[in-house]
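Residue numbers (this note's numbering), protein chains in the order written: chain A, -9 to 719; chain B, 89 to 317.
Where a beta carbon is used, it is the ideal one built from N, C-alpha and C, also for glycine.
Computed from a predicted structure; not experimentally measured.
Notes for the one structure printed next.
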Amino acid sequence: MEINRRDFVKLIGTAVAGIAVGGGAAAIMKIPKSLEHVLFSGPKKETWKLTACGRCPGGCSLRVRLIDKFPIQAFGNPLSPINDGGICSMGLTSISDLYHPSRITGPLKKVNGKFVSISYNEAYNILSENLKNVIKENRQDDIFIIAQTDSAVRTDLFNKFSKAAGIKNLIIDNYEGNSLNPYYDAAGDAPGFIDFEKCDYILNFGSRLSEMSQSPLYFSRSLIDFREKGYKITAAGSKLTGGIFKSDEWVRIQPAQFGELALGIAYVLLKDEQYDKNAEKLITGFDSIKKYILDNYYPDNVEKSTGVPSETIVQIGRKFEKAKAPAAYFDETILYSSNGTLNAQAIIILNALKSFKGFGKVKDSFYSSIINNANAASGNAAFNTFKNTIANKNSIKVLMISGSNFIFNNTDQEKLKKEISSIPFIVSFSSFIDETSTYANLIIPDHNDLEKLDLNFNESTGKSVITVQQPVVDPFYKTTDTGDVIISLMKDLGAKSDFPYTGVADYVKSIAKKLYDNRTGTLMTENKFTEIEKGLRKIGWTSDQYSSFDDFWDSLLEAGGWWNPFGDKDAFAPKINLAGKFPGKFETIEMPSKNKLTLNIFMKNLDYRGSMSLNPVLVEQFGHLWSVFYLTWVEINPETARRFSLDDRSSAFIKTSKGKFPVVVVYNSSVLAGNLDVPFGLGHDILGDKAGINPLMFTENIFDKVSGKPSLTETKAEIVSSSSRSING
Amino acid sequence: MAKYGMAIDLNKCNQCGACVTACKVENNLQIVSKESAAKGRVMQWMRLTNLSYEGNDPDVRPVTIPSLCVQCDDPPCTKVCPVRATYKRDDGIVAQIYPQCIGCRYCMANCPYNVKVFNWFKEDQPVEYEKCYNKDVAVRMKGVVEKCTFCIHRLQKAKEQAAAEHRKLNEEDYIPACAQVCPSHAFTFGDLDDPNSAVSKLKRDYRKFVLQEELGTLPKVFYLNAKSM
Chain A
-9 MEINRRDFVK
1 LIGTAVAGIA
11 VGGGAAAIMK
21 IPKSLEHVLF
31 SGPKKETWKL
41 TACGRCPGGC
51 SLRVRLIDKF
61 PIQAFGNPLS
71 PINDGGICSM
81 GLTSISDLYH
91 PSRITGPLKK
101 VNGKFVSISY
111 NEAYNILSEN
121 LKNVIKENRQ
131 DDIFIIAQTD
141 SAVRTDLFNK
151 FSKAAGIKNL
161 IIDNYEGNSL
171 NPYYDAAGDA
181 PGFIDFEKCD
191 YILNFGSRLS
201 EMSQSPLYFS
211 RSLIDFREKG
221 YKITAAGSKL
231 TGGIFKSDEW
241 VRIQPAQFGE
251 LALGIAYVLL
261 KDEQYDKNAE
271 KLITGFDSIK
281 KYILDNYYPD
291 NVEKSTGVPS
301 ETIVQIGRKF
311 EKAKAPAAYF
321 DETILYSSNG
331 TLNAQAIIIL
341 NALKSFKGFG
351 KVKDSFYSSI
361 INNANAASGN
371 AAFNTFKNTI
381 ANKNSIKVLM
391 ISGSNFIFNN
401 TDQEKLKKEI
411 SSIPFIVSFS
421 SFIDETSTYA
431 NLIIPDHNDL
441 EKLDLNFNES
451 TGKSVITVQQ
461 PVVDPFYKTT
471 DTGDVIISLM
481 KDLGAKSDFP
491 YTGVADYVKS
501 IAKKLYDNRT
511 GTLMTENKFT
521 EIEKGLRKIG
531 WTSDQYSSFD
541 DFWDSLLEAG
551 GWWNPFGDKD
561 AFAPKINLAG
571 KFPGKFETIE
581 MPSKNKLTLN
591 IFMKNLDYRG
601 SMSLNPVLVE
611 QFGHLWSVFY
621 LTWVEINPET
631 ARRFSLDDRS
641 SAFIKTSKGK
651 FPVVVVYNSS
661 VLAGNLDVPF
671 GLGHDILGDK
681 AGINPLMFTE
691 NIFDKVSGKP
701 SLTETKAEIV
711 SSSSRSING
Chain B
89 MAKYGMAIDL
99 NKCNQCGACV
109 TACKVENNLQ
119 IVSKESAAKG
129 RVMQWMRLTN
139 LSYEGNDPDV
149 RPVTIPSLCV
159 QCDDPPCTKV
169 CPVRATYKRD
179 DGIVAQIYPQ
189 CIGCRYCMAN
199 CPYNVKVFNW
209 FKEDQPVEYE
219 KCYNKDVAVR
229 MKGVVEKCTF
239 CIHRLQKAKE
249 QAAAEHRKLN
259 EEDYIPACAQ
269 VCPSHAFTFG
279 DLDDPNSAVS
289 KLKRDYRKFV
299 LQEELGTLPK
309 VFYLNAKSM
């Protein structure tokens, strides 16, 4: 657009009028009045603040660049033992969420189907009254809380609140908790980390360690180092992702069959008598499990059901038995199939046969000592309980939703929408009106991550690391830290509550006080230590001197975190008791073939919950690897594509039993013949301009029976060419 | 005078795309509309290019490289610019003077690496993206060719900082955004004229290769082959 002088004068006039009419710059720029003068007349001074990224469980430390108090960029903190200066796409773009125009600016109440603004006090009273009314009638079972959070502090607060109020139905959707729950169910304990100092072979069942895991940036580096040492990684999975092609060997298999593969490998160890004899003590009912495996998982049988050649199974089994400290790894990703939890149990048995030697635990873990919720990370109910309750028309009186967009993330979306509409009171703490919060009666929006205080605990490096998420800017809007709302409710409702803290800040400081008293570890101000210094530290010597806790607290905020590089580790060797759970019945999976296509939905790297496409940079870049922008694509093996007369970059429709959706065809010779690989994450229809399709809407309602996670790889599909040719790409 | 170059270790790169995002946000690249994207007008100075697949089933591997301006020592683009808007600096960086560019796109046509992009329109930017503009980088006007500059604004800032502190510019003072953010440290950046710099040492690595070597453009961005371990 050309702008001549006259247009320019007009534009300036309009802008000035806009400021006058709209009540000042804050109305236009949507910033707090207190910061108005800074925006326009500040000296443009650059400052940096350290905080923690809250976009995944990774616990990366961020250096945020501010110009006159306004955050504009984020980079990785080079002194963090987790991210070592690196940062991912999600972290890089985390700042723009702060300024997102669709952020809810204050509490909202639904009146006649429309949201209207109300004060925080009014919103809080509505919430509190609704809860009190149900609790008064002793109907706590009619209250459900669904919270998606990777924060240990928030998880702990939800646990404490539900305990104090007598609410049994707390569902915490937490990556770490989901990943470790099969271990807790089987052993009452879970591994802390892969012990890279000992581990000499990794057998990875579908986890995308360097892309989407408990600490993707740490694994990005450590897996390279692992292979540099000459150790091998075997990865099993249906798609050649970044993590899998960096492995030494790829076993092509549908995720629902991981368990059968694991038991086929266990067969080799048992038959060769090359398992660790300690396993006989570790596995309750060892003899019957051994007999079950030897009777049913002869590699030829496994080949018949999974398609993995028996020679490959034997070869992997031999590698596993020869390794001194192998690790068969899985995480939350394994749950996304009909056999999810059963598969995880089979892998746990395989690990037990080698006494879990590839794993370790942090000795005297500060995390466990401070926040004693590790074995209840997923709350005390599964999402399945919620779905069964509303499906059976049982009365749910109150539903509290924090951070979860479970309608977007599930396959039975229409059913869920219909069913939650019948719940009389839903409160959401969402920052956006998304596919789920749109059904709320009340919204009390949470702060942005850059506006709140939290602590991120991470032990995946083998060391306790605590990264401080501190506010780098004052809250822009009338939002409230959900943790503070929960603490207020705990005091109002929890007669039995002995929680002495007044708010999140108070609680977080109390944890930091324990760090101060503990005096182990050090601030995150250096990440290299000499052996002499390590030795001195172990016997109690420290160069860190603080005159008071306040002095320590200020230093902690300035350093952005704390870690204990001097701590020791413990072996992880729990007793496994799967009585009544294993062996279960594996669902028979129909293999994809040339004639029977399967919809294989994959998550983009780092996009854990399909929220990536709410960010304008990330939505544009979503398909950049294939130069497909703002559209959903299907990756298909060229041979399969040609059978259906599909050209590369042509338009097509994928049909399932639930309907059809448009895709751009992308040839990818690494895709399994018969698989239609479609990304999850696009297709938000509530916020702004819709880009792409949410394939979960077209996925059959197949779930893991224990965790309730939807299967992403078992929907039968067809693909047909559409007449018009796509010009994208 | 330093001569800047970059090594990208394909053994470490796992296609996460952090470099692509970092380039976008560091240099205030426009986000384009769906319509412009459909016409192939997405603005990226750095992208991941899927070249091919190697190996036989089931050991197939994608050959994907982060591609950016390779900062040729003998750049074909500068030779065809009628207004000298693109030129090679003494430190080897191929730079672009945006106000001088007339948008003829000869340089794009003559670039064998297809890494220059044309700014077709001034598109409305999402407000949350505009608020995060990097204040060190001017937003380009429409009608000009854009390209990677090795984040030249960072070099300028680092030089000023070093001068203010009465010291020489150190190697760690200046690093482009893509190299800074890479989670797996696949990028190595530095002075190719300094035989002791990390990037110089990697230039002598047996795995080193450059794109389209036969053209004789002498790229200063080179790659290290993914070795089998």
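Separation of residue j from residue i, as counted between CA atoms
| i | j | result |
| --- | --- | --- |
| Lys245(B) | Asn67(A) | 20 Å |
| Glu704(A) | Leu443(A) | 41 Å |
| Val609(A) | Asn138(B) | 20 Å |
| Ile181(B) | Asn605(A) | 32 Å |
| Gly143(B) | Pro150(B) | 9 Å |
| Trp208(B) | Ser92(A) | 28 Å |
| Asp558(A) | Lys271(A) | 26 Å |
| Asn111(A) | Thr41(A) | 30 Å |
| Lys408(A) | Trp240(A) | 42 Å |
| Ile423(A) | Phe670(A) | 20 Å |
| Ala366(A) | Ile234(A) | Reliability fails at Ala366(A), whose pLDDT of 47 lies under 50, so the model's placement of it is uncertain and the value that follows must be treated cautiously. Going by the C-alpha atoms only, they are around 31 Å apart. |
| Ala336(A) | Ala125(B) | 46 Å |
| Phe186(A) | Ser640(A) | 45 Å |
| Ile162(A) | Val120(B) | 38 Å |
| Arg198(A) | Asp321(A) | 9 Å |
| Tyr174(A) | Glu250(A) | 21 Å |
| Asn116(B) | Ala371(A) | 46 Å |
| Asp471(A) | Phe419(A) | 9 Å |
| Leu98(B) | Ile709(A) | 35 Å |
| Trp38(A) | Trp543(A) | 18 Å |
Contacts that residue i makes with chain D (C-beta to C-beta distance below 7 Å)
| i | result |
| --- | --- |
| Thr83(A) | Checking the listed chains, one finds no chain D in this structure; the protein chains it contains are A and B. |
Residue i: contacting residues in chain B (beta-carbon distance under 7 Å)
| i | result |
| --- | --- |
| Arg45(A) | Per Cβ cutoff of 7 Å: no residues; Arg45(A) is ~13 Å from chain B at best. |
| Ser659(A) | Tyr141, Val148 |
| His674(A) | Under the 7 Å cutoff, chain B gives no residues; its nearest Cβ is about 14 Å from His674(A). |
is_contact[residue i, chain A] using C-beta, thresh 9 Å
| i | result |
| --- | --- |
| Val287(B) | no |
| Leu303(B) | no |
| Gln249(B) | no |
| Ile96(B) | no |
| Leu290(B) | no |
Opposing strand residues paired with residue i [DSSP bridges]
| i | result |
| --- | --- |
| Ile185(B) | Bridge partners of Ile185(B): none, in fact. |
Below-9 Å beta-carbon distance, residue i vs any chain B residue
| i | result |
| --- | --- |
| Pro606(A) | yes |
| Ala724(A) | Here chain A has residues from -9 to 719 only, and residue 724(A) is not among them. |
| Phe396(A) | no |
| Arg211(A) | yes |
| Leu88(A) | yes |
| Ile214(A) | yes |
| Asp464(A) | no |
| Asp667(A) | no |
| Ser500(A) | no |
Residue i, buried or exposed, once every other Cβ within 10 Å from all chains shown has been counted against 16
| i | result |
| --- | --- |
| Ile522(A) | exposed |
| Gln300(B) | exposed |
| His90(A) | buried |
| Glu201(A) | buried |
| His39(B) | Since the first and last residues shown for chain B are 89 and 317, residue 39(B) lies out of range. |
| Asn384(A) | exposed |
| Pro33(A) | exposed |
| Gln103(B) | buried |
| Arg(-5)(A) | Because Arg(-5)(A) carries a pLDDT of 39, less than 50, the predicted location of this residue cannot be relied on, and the following value inherits that uncertainty. So Arg(-5)(A) ends up on the exposed side. |
Amino acids of chain A, ordered along the chain, whose beta-carbon sits closer than 8 Å to that of residue i
| i | result |
| --- | --- |
| Ile119(B) | Pro606, Val607, Glu610 |
| Cys189(B) | Neighbours of Cys189(B) on chain A: none; closest Cβ ~17 Å, over 8 Å. |
Partner residues on chain B for residue i, Cβ-Cβ distance less than 9 Å
| i | result |
| --- | --- |
| Ser200(A) | Asn102, Cys104, Pro271, Ser272 |
Residues that residue i contacts on chain B, provided the C-beta gap is smaller than 8 Å
| i | result |
| --- | --- |
| Leu69(A) | Result: empty, since nearest Cβ-Cβ is about 14 Å, beyond 8 Å. |
Cross-chain neighbours of residue i in chain A, by beta carbon under 7 Å
| i | result |
| --- | --- |
| Val203(B) | Result: empty, since nearest Cβ-Cβ is about 14 Å, beyond 7 Å. |
Closer than 9 Å at the beta carbon, the chain A residues around residue i
| i | result |
| --- | --- |
| Gln244(B) | Neighbours of Gln244(B) on chain A: none; closest Cβ ~14 Å, over 9 Å. |
| Asn207(B) | What Asn207(B) touches in chain A: nothing, since even the nearest Cβ is about 13 Å away. |
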